[in-house]
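Structure record follows, encoded as structure tokens.
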Amino acid sequence: MDIKSISLALAVAATALSASTSLAQSARPVSLGISAGAAIPAGDFGNDMTTGFNGTVSLGFTSYGSPIGIRVDGMYNKFSAKDDFPGVPDTRIIGANANLVYSLPGTGIRPYLIGGGGIYGLKAEDTGIDQETDFGVNGGIGASFPLSGFNTFIEARFHHVFTENFSTQFIPVTFGISF
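Letter by letter, the sequence shown follows residues 1 to 179 of the working numbering.
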């Protein structure tokens, strides 16, 4: 065998190994994820609030070889009132969602679509007013980047909470890791 044949054989073996490793990492039957980032208020809610913080913990389930999975998220969001509204209190939104995740085919960077619904607890801090709990929906896009032993991901989702007096909408843009 000459050097070109050996090099070609090694390149093919390395490509096959990295592809199978990437597929195995992205197709774990159960995954745990944590993420954090900015939470951007939108709609009526965005008129009063500034960009806040989002922290999310996720538990995902998928079948090997299936592009569709289920993910359950618990999230915490905190927003501050804009300076133009000194009497408006800071607001926190705690949510629990069940989502369907559709991963686009491929190896390496894997884009995905996510959407679902859940419950959201809204609380205006330091007001003495009880927390309001409402149903909401969400949908968005993300991309997963497999690394050795875990994945990193970036994601943006639009959340719409069906509140009584005004619309509550926000868009968390987060970066996270999953195991």
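Where is the CB? At the ideal position from N, CA and C, for every residue including glycine.
Bounding residues of the beta strand (DSSP E) (the contiguous stretch that carries residue i)
i	result
F61	G52 to T62
N165	Careful: N165 lies outside any beta strand (DSSP E) and carries neither H nor E.
F145	E132 to P146
Exposure of residue i, with buried meaning 16 or more beta-carbon neighbours within 10 Å
i	result
D73	buried
G142	buried
I40	buried
F153	buried
N99	buried
S144	buried
P172	buried
G69	buried
L147	exposed
E164	exposed
Beta-carbon proximity of residue i to residue j, cut-off 8 Å
i	j	result
T133	A36	no
F179	L59	no
G95	G43	no
S80	G52	yes
S63	P29	yes
F170	N77	yes
E125	R71	no
N97	G117	yes
V101	I119	no
I177	N138	no
L122	T56	no
Can you check the segment 42-124 for any beta strand (DSSP E) of at least 3 residues that lies completely inside it and give the ranges in chain order?
52-62, 68-79, 91-103 and 110-124
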